[in-house]
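This report refers to the structure that appears directly beneath it.
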Amino acid sequence: PFKRYVEIGRVALVNYGKEYGKLVVIVDVVDQNRVRTKCVIELNPSSSCKKLKLSPEFEALVDAPDMVRGQMNFKRLQLTDFKIDIPRVPRKKTLIEAMEKADVKNKWENSSWGKKLIVQKKRASLNDFDRFKIMLAKIK
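Here the sequence shown is numbered in the UniProt record's numbering, starting from 1 and rising by one per residue.
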């Protein structure tokens, strides 16, 4: 029944904290409770996401080109269907090349989940007048 496993190369979405809305790639499994991940894409910080239903003891190590490697709770990650083929603990350059080769960003933006989050971000950034114009357009 499960299709999404915590494994090296699995792409996940951060759903809480400073890195909210970023896509990360798991690059190392430290033990059964922790993995090392690397951030690859920043999405929208304003959209809401469902939380991964795991116990709060599980943690992950997170790394990104724009952030320092550190621990992150598994509850803050949502596994996606995307997986890239990378070795264990690759360099940033290797990971970025593998990510570009797998076209993760484009696949994410074309997925229904990614499209939904993009729409939520756009709606959250609208001002009152923009919402009014959309309401009038829906009436017509």
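C-beta: ideal position from N, C-alpha, C; glycine also.
To the nearest angstrom, how far is it from the Cα of Gly17 to the Cα of Leu23?
13 Å
I'd like the span of the alpha helix (DSSP H) that includes Asp26, first residue to last.
One point to set straight first is that residue 26 is Ile, not Asp, in the sequence displayed. Counting along the chain, Ile26 falls outside any alpha helix (DSSP H), though it belongs to the beta strand (DSSP E) covering Lys22 to Val29.
DSSP three-state call for Phe82: helix, strand or coil?
strand
Taking 8 Å as the cut-off, decide whether the C-beta atoms of Thr80 and Val11 are in contact.
yes
For Leu117, which of helix, strand or coil comes out of DSSP?
helix
Kindly identify the DSSP beta-bridge partner or partners of Ala12.
For Ala12, the beta-bridge partners assigned by DSSP are Val24 and Leu79.
In three-state DSSP terms, what is Val126?
Strictly speaking, residue 126 in this sequence is Leu, with Val absent from that position. Here Leu126 sits in coil by DSSP.
Short check: CB of Val14 to CB of Tyr5, under 8 Å?
When the beta-carbon positions are compared, Val14 and Tyr5 stay at least 8 Å from each other.
When the Cα of Val27 is compared with those of Asn110, Met99 and Glu109, which residue comes out closest?
Met99
Determine the direct distance from the alpha carbon of Lys107 to that of Ile96, and round the result to whole angstroms.
15 Å
Rounded to a whole number of angstroms, what is the C-alpha to C-alpha distance between Lys123 and Val25?
With the sequence shown as reference, residue 123 is identified as Arg, and Lys is not the correct amino acid for it. Going from the Cα of Arg123 to the Cα of Val25 covers about 28 Å.
What number of angstroms, rounded off, separates the C-alpha of Asp130 from the C-alpha of Leu136?
10 Å
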